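Each residue of the sequence shown is one higher than the last, beginning at 46 in this note's numbering.
A virtual CB, placed ideally from N, CA and C, is assigned to each residue, including glycine.
Bear in mind that the values here come from a model prediction, so they are computed numbers and not experimental data.
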Amino acid sequence: MDISTQDAPVPPPTTTPTAEQKRAARGATRPGDRIFLGLSRGSGILLLVIMAAIAAFLTYRAIDAISADEANFFTAFEWEANSTPPRFGIAVLAYGTIVSSIIAMVIAVPISVGIALFITHYAPRRLGGLISYVIDLLAAVPSIVYGLWGALVLVPNLKGLYGWLDAYLGWTGIFSWQGLEPRSLFAVGILLAIMILPIVTNVSREVFRQAPQMHQEAALALGATRWEVIRMSVLPFGRSGVISASMLGLGRALGETMAVATVLSPNFLIEASLLDGGGGTFAQNIASKFGEATETGRDALIASGLVLFVITLLVNGAARMIIARRKEYSGANA
């Protein structure tokens, strides 16, 4: 007989786990665990039910409005939902919502990341705590207060900036200015950037604080500067958190209502320049027209709300796909 075969270890017999062992492995043997598991599962299911109910309500009301619309709902440059027959479209609203949100993100995200890095890696503890407290206060300010500040303080003081942009970048067409009151999409973008800055800063700050200390100390021991430590260790670790924070801020920018309605003077046109007027946004249009809308007009506004709902879901879904497909965003390789 072959010695190697004789001395080979015999594998232990396999047994199928019982139902009690499966419950024990899931941690649901004690009453408290079972109650917590049921509550957690029920909360998740309830959230899905609420989202589905919202989508069903918006879709049901939107179908009636779209079927009565005499214009193209997706491409028409007009909003006469109270007329007979009704004529309305979301092209201008979609443009205004997306452009103002992009402006806000371009301004807010780099500043927020810089503030978060300064608080966590550069500022003394007392100064960092003071800045964090001020940022938290900004997050607690109501939207209408931001809107009043934007209309009374921000907009009148933008004329100098608009004039400078027109003088040096007006040849692009994007920053040309006709000298009108600066109640435009660019002003809305600046105001939205200020409003979402606390959200992006706070989430990014907490993510950067969780960066592995051993990695940072190892980089310093190898002679790296503080910026090199941040670039090679902190930022790769916190990339997914910054993306998540940006999506939270974008969600608020897309759905902001009162502040935009206070600052913007919509003309329901798509202007080539960001400094001359603006067509409005979904949320602003709903807030300004809902009180005077007829039954068909309300259904039309609900239909525009459905489009905003879908855009928000798509943006958040795209962010989750980016994080899931890019392994380096997880911070495991930081």
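How long is the line joining the alpha carbons of residue i and residue j, rounded to whole angstroms?
{"i": "residue 10", "j": "residue 75", "result": "Lying outside 46 to 379, the shown extent of the chain, residue 10 is not represented and no answer is given."}
{"i": "residue 154", "j": "residue 189", "result": "23 Å"}
{"i": "residue 118", "j": "residue 347", "result": "13 Å"}
{"i": "residue 319", "j": "residue 152", "result": "15 Å"}
{"i": "residue 354", "j": "residue 295", "result": "13 Å"}
{"i": "residue 149", "j": "residue 93", "result": "30 Å"}
{"i": "residue 203", "j": "residue 234", "result": "12 Å"}
{"i": "residue 113", "j": "residue 316", "result": "28 Å"}
{"i": "residue 350", "j": "residue 290", "result": "24 Å"}
{"i": "residue 276", "j": "residue 173", "result": "20 Å"}
{"i": "residue 304", "j": "residue 335", "result": "16 Å"}
{"i": "residue 213", "j": "residue 84", "result": "60 Å"}
{"i": "residue 258", "j": "residue 221", "result": "49 Å"}
{"i": "residue 82", "j": "residue 91", "result": "14 Å"}
{"i": "residue 361", "j": "residue 165", "result": "27 Å"}
{"i": "residue 103", "j": "residue 109", "result": "11 Å"}
{"i": "residue 333", "j": "residue 364", "result": "31 Å"}
{"i": "residue 79", "j": "residue 243", "result": "38 Å"}
{"i": "residue 367", "j": "residue 281", "result": "14 Å"}
{"i": "residue 352", "j": "residue 169", "result": "46 Å"}
{"i": "residue 140", "j": "residue 314", "result": "10 Å"}
{"i": "residue 101", "j": "residue 194", "result": "37 Å"}
In the DSSP assignment, find the unbroken alpha helix (DSSP H) run with residue i in it and report its ends.
{"i": "residue 279", "result": "No alpha helix (DSSP H) holds residue 279; DSSP gives it neither H nor E."}
{"i": "residue 109", "result": "76 to 113"}
{"i": "residue 260", "result": "258 to 266"}
{"i": "residue 139", "result": "136 to 162"}
{"i": "residue 338", "result": "Residue 338 -> no alpha helix (DSSP H), and no H or E assigned at all."}
{"i": "residue 167", "result": "Where residue 167 is concerned, there is no enclosing alpha helix (DSSP H), given that its DSSP letter is neither H nor E."}
{"i": "residue 200", "result": "No alpha helix (DSSP H) holds residue 200; DSSP gives it neither H nor E."}
{"i": "residue 192", "result": "188 to 194"}
{"i": "residue 307", "result": "303 to 308"}
So what does DSSP say about residue i, is it helix, strand or coil?
{"i": "residue 253", "result": "helix"}
{"i": "residue 216", "result": "helix"}
{"i": "residue 222", "result": "coil"}
{"i": "residue 273", "result": "helix"}
{"i": "residue 228", "result": "coil"}
{"i": "residue 133", "result": "strand"}
{"i": "residue 331", "result": "helix"}
For residue i, tell me which candidate among the options has the shortest Cα-Cα distance.
{"i": "residue 211", "options": "298, 195, 198 and 231", "result": "231"}
{"i": "residue 96", "options": "365, 364 and 358", "result": "358"}
{"i": "residue 196", "options": "218, 164, 187 and 236", "result": "236"}
{"i": "residue 142", "options": "367, 356 and 361", "result": "356"}
{"i": "residue 369", "options": "284, 81, 227 and 90", "result": "284"}
{"i": "residue 135", "options": "260, 327, 361 and 306", "result": "327"}
{"i": "residue 178", "options": "207, 250 and 206", "result": "250"}
{"i": "residue 122", "options": "199, 208 and 325", "result": "325"}
{"i": "residue 228", "options": "100, 312, 80 and 133", "result": "312"}
{"i": "residue 241", "options": "213, 306, 220 and 158", "result": "158"}
{"i": "residue 271", "options": "137, 87 and 167", "result": "167"}
{"i": "residue 254", "options": "238, 129, 287 and 223", "result": "287"}
{"i": "residue 226", "options": "171, 243, 199 and 366", "result": "199"}
{"i": "residue 205", "options": "273, 224, 256 and 330", "result": "224"}
{"i": "residue 256", "options": "274, 269 and 268", "result": "274"}
{"i": "residue 329", "options": "146, 111, 131 and 309", "result": "309"}
{"i": "residue 129", "options": "340, 367, 280 and 366", "result": "340"}
{"i": "residue 323", "options": "186, 261, 145 and 342", "result": "145"}
{"i": "residue 111", "options": "98, 331, 100 and 131", "result": "131"}
Output yes or no for whether 8 Å exceeds the beta carbon distance between residue i and residue j.
{"i": "residue 293", "j": "residue 252", "result": "no"}
{"i": "residue 161", "j": "residue 246", "result": "yes"}
{"i": "residue 278", "j": "residue 264", "result": "yes"}
{"i": "residue 344", "j": "residue 106", "result": "yes"}
{"i": "residue 127", "j": "residue 306", "result": "no"}
{"i": "residue 191", "j": "residue 239", "result": "yes"}
Are the C-beta of residue i and some C-beta of chain D separated by less than 8 Å?
{"i": "residue 165", "result": "In the displayed structure, chain D is absent; only one protein chain is listed."}
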